[in-house]
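Plus 140 on top of the position in the sequence shown (first one is 1) and you've got the working numbering. By construction, the Cβ of each residue, glycine as well, lies at the ideal position given by its N, Cα and C atoms. Keep in mind that this is a model prediction, so the values were computed, not measured. Here is the structure we will look at, set down as structure tokens.
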Amino acid sequence: QVQLVESGGGLVQAGGSLRLSCAASRSTFGINAMGWYRQAPGKQRELVATVTTGGITNYADSVKGRFTISRDNAKNTVYLQMNSLKPEDTAVYYCTAGQPWGPNYWGQGTQVTVSS
């Protein structure tokens, strides 16, 4: 079992930046991908970005060029740097860990609110 603890959410004005962090409770050995999903009110949960152990990244079209995912395998931590934030980025962001084709573990979520 892996517990994932997110931090870094909050309230920011449009155009601003936030950095989310997610620490895993144990070694992520055997976990080949970590990532972030988000869910806005009244909408389905959607993929934001993933990164494999080898450093291969995947982004939703809506965040390409604005968000950057990175992973520190030594610290069992994944980060999401979010720049040029828009009101439509407002959502609960969830950290995930698992395989490139889908997560096995989810964090509790952290709220990101972007004001216009």
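Handout entry: Span of the beta strand (DSSP E), counted from its first residue to its last, around Asn198
Key = Position 58 of the sequence shown, counting from 1, holds the residue named residue 198. In the DSSP assignment, Asn198 falls within the beta strand (DSSP E) that extends over Thr197 to Tyr199.
Practice task
List the endpoints of the continuous beta strand (DSSP E) containing Asp229.
Solution key: For this step, residue 229 is matched to residue 89 along the sequence shown. For Asp229, there is no enclosing beta strand (DSSP E), since its DSSP letter is neither H nor E.
Practice task
Quick one: using the 10 Å Cβ neighbour count with 16 as the cut-off for buried, is Glu146 buried or exposed?
Solution key: For the purposes of this step, residue 146 is taken as the residue at position 6 of the sequence shown. Buried, by the Cβ-count rule.
Exercise for the section: Check each candidate in Ser202, Val142 and Leu158 and name the one with the smallest Cα separation from Ser255. Expected result: Working through the sequence shown from its first residue, we reach residue 255 at position 115. Out of Ser202, Val142 and Leu158, Leu158 has the C-alpha closest to the C-alpha of Ser255.
Exercise for the section: Report buried or exposed for Gly175, applying the criterion of at least 16 other Cβ atoms within 10 angstroms of its Cβ. Expected result: Position 35 of the sequence shown holds residue 175. Around the Cβ of Gly175, a 10 Å sphere holds 16 or more other Cβ atoms; the residue is buried.
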